[in-house]
Structures are given as structure tokens and as C-alpha cells.
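In what follows, a single structure is set out as C-alpha cells and then discussed.
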Amino acid sequence: MSKIPVFTADAPAPPPFLNQATIVGNIIFCSGQLGVNPKTGKMVEGSIKDRTRQILANLSAVLKAGGSSLADVAKVNIFLADMNDFAAVNEVYVEAFPEPRPVRHRFPFF
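So for the sequence shown, full-length UniProt numbering puts the first residue at 1; every next one is plus one.
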């Protein structure tokens with residue numbers, strides 16, 4: 001089965017050893033995203049909600065470039081530097097993902 005790399009200028013460029021996503025069959029495997037504005041290359045200013053919205057906008061752009069959308073996401077891993085931000089991330093998650101929402105795991109990121 002072939003692997004097809006996905007790239008869009010509407011999300012931050014990955015390091016040279018990664019792809020933004022890879023399509024295998026009819027599944028898109030996406031690399032992790034940060035709250036980086038793809039136009040400026042800088043982390044967005046503001047709250048965890050602002051950064052989470054940017055992360056999901058980046059993910060949405062990558063999925064769109066691969067012929068998909070947030071509505072098709074089945075699983076998400078969330079890495080947080082501060083577990084106290086979890087409620088705020090949840091609010092944005094509910095805004096971004098339609099029902100049925102993807103399953104997910106959250107991890108403290110140290």
C-alpha cells in the first residue's frame with residue numbers, strides 16, 4: 001500500500017524529517033500541531049483557548065489538504081503542559097468537533 005505525504009502552506013511547516021500528514025489507503029495520519037500561526041511562524045499570543053483554536057485550525061488545514069475534515073477525525077491525543085488548562089481546552093474541543101466527537105487521550109507534557 002502506498003503512502004502519500006500531505007502538505008499545505010495553511011499550517012506550519014514541519015521539520016524536514018516529518019510530514020504534516022501521511023495518507024495510507026483512506027486514512028490520514030496527522031503529525032502533532034502547536035499553536036503556531038503559519039503566516040508568521042510564531043506562537044499565537046493569548047490564552048490556552050487561543051492557542052487551542054490555532055492548533056485546531058492548523059489541523060483542519062492539513063486535513064483539508066488531504067481531502068478530509070475535523071468531522072472525520074476518530075482519535076485525538078492532547079498533550080498539556082498544565083493540567084489546569086484541561087477545562088479550557090475542552091471548551092474549544094466542543095466548539096471545533098461535531099458530534100460524534102473523536103475519542104481522545106490527554107497527557108501531561110513535561
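Each residue gets a CB set at the ideal place from its N, CA and C atoms; glycine is no exception.
In this text the structure is predicted, and so the values were computed from the model without any measurement.
For Met43, the three-state secondary structure derived from DSSP is strand.
When the beta-carbon positions are compared, Arg104 and Ile78 come within less than 8 Å of each other. Sixteen is the threshold: since fewer than 16 other Cβ atoms of the shown chains lie within 10 Å of the Cβ of Ile27, the residue is exposed.
Here the C-alpha atom of Asp85 lies approximately 22 Å from the C-alpha atom of Leu70. For the options Glu99, Asp82, Ala81 and Gly46, the alpha carbon positioned closest to that of Asp72 is the one of Glu99.
In its chain, beyond the 5 residues on either side, Pro102, Val103 and Arg104 have a beta carbon closer than 7 Å to the beta carbon of Lys75.
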